[in-house]
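Take a look at the structure set out below.
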Amino acid sequence: MGTITGTGTNGGRVTTRRWEDGKVVEEDFALDEVSEHLGRDGTLVWVDLCEPDHAALRALAGELGLDPHAVEDAISSGERPKATRHAKHTFLTVYATELDADEDRGEPGSRESRLRTSRISAFVLPNGVITVRGSDHFDVAPVLERWNDDPELLRLGVGALVHGLLDTVVDGHFDTIQRLDDAIESLEDQLFDERGQTHAVQVRTYRLRKELVELRRVVLPMREVVNAVLRHRGELAERHTELDGFYDDLYDHVLRASEWTESLRDMITTIFETNLSLQDARLNTVMKKLTGWAAIIAVPTAVTGWFGQNVPYPGFAQPSGVLLSTTVILGGGGLLYAVFRRKGWI
1 MGTITGTGTN GGRVTTRRWE DGKVVEEDFA LDEVSEHLGR DGTLVWVDLC EPDHAALRAL
61 AGELGLDPHA VEDAISSGER PKATRHAKHT FLTVYATELD ADEDRGEPGS RESRLRTSRI
121 SAFVLPNGVI TVRGSDHFDV APVLERWNDD PELLRLGVGA LVHGLLDTVV DGHFDTIQRL
181 DDAIESLEDQ LFDERGQTHA VQVRTYRLRK ELVELRRVVL PMREVVNAVL RHRGELAERH
241 TELDGFYDDL YDHVLRASEW TESLRDMITT IFETNLSLQD ARLNTVMKKL TGWAAIIAVP
301 TAVTGWFGQN VPYPGFAQPS GVLLSTTVIL GGGGLLYAVF RRKGWI
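Residue numbers (UniProt numbering): 1 to 346.
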């Protein structure tokens, strides 16, 4: 699969492909040929604009009659996942997700979120799809593999292209959710570790909550996106009932991802609350131990204080006695401090 590098102020990479009867017949054709190919019957066209030059995108939009508001949404930041029906096309915005490993960040104890999202916008036309990506973090190779692995499906029209794109994105959501689920299970083991790594648990809990909040923002709206695609499928091109089962399965996957995300949110909230309860329990245990030690120390303190050490003892009435008493006091206090410090009580 070749690429064409743009020459606009923002640069960019353009990939084009055309199918007829489910088979690839042309690749890497120029953008000025897109409208001609889209007008052919029995043809499917895919155009991918990665980090596009805004002027070139607007020129293409003007040639194809794309809605200017949709074009603005495709290049602006902060858009939420959505599907909008316009006069000549349907506009989609979805987010692919990926969770970096701790070692990728270089800081296993960092509070920085490891979740990386990549926005993909798509203009769905009667005979083709134009995708716009803000970066190359989302790899389109798996999408192409899905399309090329089932030529019979591509014969069913543009709905097959849209399904392959959305299905790949949702599968990425599942991979991210699974990794977060594994991280939460690992956190549960660390939570009940008797060594009491409280700070590490707190940092990981905070980071997971932050990542889940970010994930929910892109996963939950996917239900509305798929619903809108289902409603608008027959408005642009002929609706093939053979695709209904594929979209029903896609919607089921979206629901499962949403429910799984919500359950993880409940789990991390439970872990946070349990961690606070365990800290209170550990504090009570420490207080009981300190109280016991204080009671033990109080006995000789009371005796020596009552008698004022005015009975004969080694070094009585001698300077060495003062030094010996001071050494015992400092040594005993230092030993108790070392023990308590090692156990993390002080």
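For every residue, glycine included, the Cβ atom is placed at its ideal position computed from N, Cα and C.
Since the structure is predicted, the reported quantities are computational estimates derived from the model, not experimental observations.
Original post:
Hey, is E224's beta-carbon within less than 8 Å of any beta-carbon in chain C?
Top reply: In summary, chain C is missing from the structure at hand, where a single protein chain is found.
Original post:
Closest to T241 by CA distance: which of G159, L212, S118 is it?
Top reply: For T241, the closest of G159, L212, S118 by C-alpha to C-alpha distance is G159.
Original post:
For the 8 Å Cβ check, are there 3 or more pairs between the segment 50-58 and the segment 80-93?
Top reply: Result no; under three Cβ-Cβ pairs closer than 8 Å.
Original post:
From which residue to which residue does the beta strand (DSSP E) around S118 run?
Top reply: Secondary structure note for S118: its beta strand (DSSP E) is the uninterrupted segment 115-125.
Original post:
Going by C-alpha distance, which of V225, L215, T301 is nearest S263?
Top reply: Among V225, L215, T301, the Cα nearest to that of S263 belongs to L215.
Subject >> DSSP-derived helix/strand/coil call for residue 347 >> reply: Any property of residue 347 remains undetermined from this structure, which presents the chain solely from 1 to 346.
Original post:
Expressed to the nearest angstrom, what Euclidean distance is found between the alpha-carbon atoms of R209 and R146?
Top reply: Each residue's Cα considered, the two are about 33 Å apart.
Original post:
Which residue's Cα is closest to the Cα of H89: T176, L187, A122?
Top reply: If we check each option's Cα against that of H89, A122 comes out closest.
Subject >> At least 3 beta-carbon pairs within less than 8 Å: the segment 160-173 vs the segment 29-43 >> reply: No contact exists between the segment 160-173 and the segment 29-43.
**OP:** Give the secondary structure of residue 356 by DSSP, where H, G and I count as helix, E and B as strand, and everything else as coil.
**Re:** The structure shown does not extend to residue 356, since the chain spans only 1 to 346, so no value can be given for it.
**OP:** Flag this pair as touching only if the segment 150-159 and the segment 13-23 have three or more C-beta atom pairs under 8 Å; answer yes or no.
**Re:** Because the criterion of three Cβ pairs below 8 Å is met, the segment 150-159 and the segment 13-23 touch.
Original post:
What span of residues does the alpha helix (DSSP H) with A200 cover, start to end?
Top reply: 198-219 is the extent of the alpha helix (DSSP H) around A200.
Original post:
What does a CB cutoff of less than 6 Å around L165 pick up in its chain, not counting 5 residues either side in sequence?
Top reply: Closer than 6 Å at Cβ, skipping near neighbours: V143.
Subject >> Same chain, Cβ closer than 6 Å to R265, neighbours up to 5 away in sequence not counted >> reply: Non-local beta-carbon contacts of R265 in its own chain, meaning distances under 6 Å to residues more than five positions away in sequence, involve L212 in chain order.
Subject >> Residues near V258 by beta carbon distance below 8 Å, same chain, minus five either side >> reply: The sequence given here places Ser at residue 258; Val does not occur at that position. Here the set comprises V219, L220, M222, R223.
Original post:
Using the rule of at least 16 other Cβ atoms within 10 Å of the residue's Cβ for burial, across every protein chain shown, is R341 buried or exposed?
Top reply: Per the 10 Å Cβ criterion, exposed.
**OP:** Would you list the residues sitting across from A83 in a DSSP beta bridge?
**Re:** Checking the DSSP bridge columns, you'll see A83 partnered with L92.
**OP:** Please classify Y337: is it buried, with 16 or more other beta-carbons within 10 angstroms of its beta-carbon, or exposed?
**Re:** By the 10 Å Cβ count, Y337 comes out exposed.
**OP:** List the whole-angstrom C-beta distance separating G13 from C50, where the pair is believed to meet the contact cut-off of C-beta under 8 Å.
**Re:** Note on identity: in this sequence residue 13 is Arg, with Gly being the wrong assignment. The pair is a contact, with the Cβ atoms about 4 Å apart (cut-off 8 Å).
Original post:
Are L60 and V34 closer than 8 Å when you measure CB to CB?
Top reply: Inclusion of L60 and V34 in the CB contact set at 8 Å is warranted, their separation being smaller than that value.
Original post:
Which residues mark the beginning and the end of the beta strand (DSSP E) in which D28 is found?
Top reply: From DSSP, D28 is part of no beta strand (DSSP E); its letter is neither H nor E.
**OP:** Within its chain, find whatever has a CB closer than 6 Å to the CB of G134; leave out the 5 residues flanking it on each side and keep chain order.
**Re:** Taking G134 as the centre and dropping the five residues before and after it, the same chain places the C-beta of R119 closer than 6 Å to its C-beta, in chain order.
Original post:
If you drop the 5 nearest sequence neighbours on each side, which residues of the same chain put their C-beta closer than 7 Å to that of D100?
Top reply: Exclusion of the five residues before and after D100 leaves R114, R116 as the residues of its chain whose Cβ lies within less than 7 Å of its Cβ.
Subject >> Coarse secondary structure for D266, derived from DSSP in three states >> reply: The answer is helix: DSSP assigns D266 an H, G or I state.
Subject >> Buried versus exposed, by CB contacts within 10 Å (16 or more), Y206 >> reply: It counts as exposed.
Original post:
Are the beta-carbon atoms of I177 and W260 separated by less than 8 Å?
Top reply: Yes, they are a contact pair.
Original post:
Who does residue 401 pair with in a DSSP beta bridge?
Top reply: Residue 401 falls outside the range modelled here, since the chain spans only 1 to 346, and no answer is possible.
Subject >> Proximity winner among R233, L180, T97, relative to L125 (alpha-carbon distances) >> reply: The shortest C-alpha separation from L125 is found at R233.
Original post:
In its own chain, which residues sit with a C-beta less than 6 Å from the C-beta of M267, not counting the 5 before and 5 after it?
Top reply: Within the same chain, M267 has close Cβ partners I184.
Subject >> Closest residue to H163 among R217, L230, E63 (Cα-Cα distance) >> reply: Residue L230 holds the alpha-carbon nearest to the alpha-carbon of H163 among R217, L230, E63.
Original post:
CA-CA distance, G333 and L278?
Top reply: For G333 and L278, the distance between alpha carbons rounds to 29 Å.
Original post:
What do you reckon, are the CB atoms on V225 and V94 nearer than 8 Å?
Top reply: Yes, they are a contact pair.
Original post:
Using a threshold of 7 Å, is the CB atom of R116 nearer than that to any non-hydrogen atom of the ligand SAH?
Top reply: With respect to the ligand SAH, the structure shown offers nothing to examine, as it has no ligands at all.
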